[in-house]
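**Student:** Quick one: this structure, given as structure tokens, is what I'll be asking you about.
Numbering (the working numbering), first residue to last: 30 to 151.
And the structure:
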């Protein structure tokens, strides 16, 4: 006696490729289940600025997804600090072009560049 098969019983590469999740998406889902909420993913500096301006007192969970452009060393009194400079995750420009525009003129334009990038100091 044979059991009836359903459409899901057979392997269909065309169907699975359209619904296949990336490792990032799978990990995000896993973390959302563990944490009880999905949170918001921020992948652009402007989006993060908007969140901070619109709800400064609100403490929503966010996940930041950005590209590291460069890391710089800084000395403050007796502390050695590392400053990480990030750009939007979906930025289409090649790394060498981004570095020419942001890193190379950084000393002369630090405030303007810091306003356009996300910079974290550790």
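From the three backbone atoms N, C-alpha and C, an ideal C-beta is built for every residue, glycine too.
Would the C-beta of residue 90 count as close to the ligand NAP, meaning under 6 Å from any of its heavy atoms?
**Tutor:** Of ligands this structure carries none, so the ligand NAP is not represented either.
**Student:** Based on the DSSP secondary-structure assignment, which residues constitute the bridge partners of residue 101?
**Tutor:** 112, per the DSSP bridge assignment.
**Student:** How would you label residue 114, buried or exposed, when you count the other beta carbons within 10 angstroms and need 16 or more for buried?
**Tutor:** With 16 or more Cβ atoms within 10 Å of its Cβ, residue 114 is classed as buried.
**Student:** Would you check if the segment 102 to 109 and the segment 70 to 89 touch, i.e. whether three or more CB-CB distances between them fall below 8 Å?
**Tutor:** No, they do not touch.
**Student:** What's the gap between the Cα of residue 127 and the Cα of residue 143?
**Tutor:** For residue 127 and residue 143, the distance between alpha carbons rounds to 14 Å.
**Student:** Is residue 152 buried or exposed, if buried means 16 or more other CB atoms sit within 10 Å of its CB?
**Tutor:** Within the shown structure, residues of the chain are numbered from 30 to 151, placing residue 152 beyond reach of any answer.
**Student:** Among all the DSSP beta bridges, which residues are the ones paired with residue 145?
**Tutor:** Its beta-bridge partners do not exist; DSSP assigns none.
**Student:** Given a cut-off of 7 Å, decide if residue 91 and residue 57 are closer than it, judged by their beta-carbon atoms.
**Tutor:** Going by C-beta atoms, residue 57 is not nearer than 7 Å to residue 91.
**Student:** Quick one: Cα of residue 133 to Cα of residue 59, how far?
**Tutor:** Those two C-alpha atoms are separated by around 39 Å.
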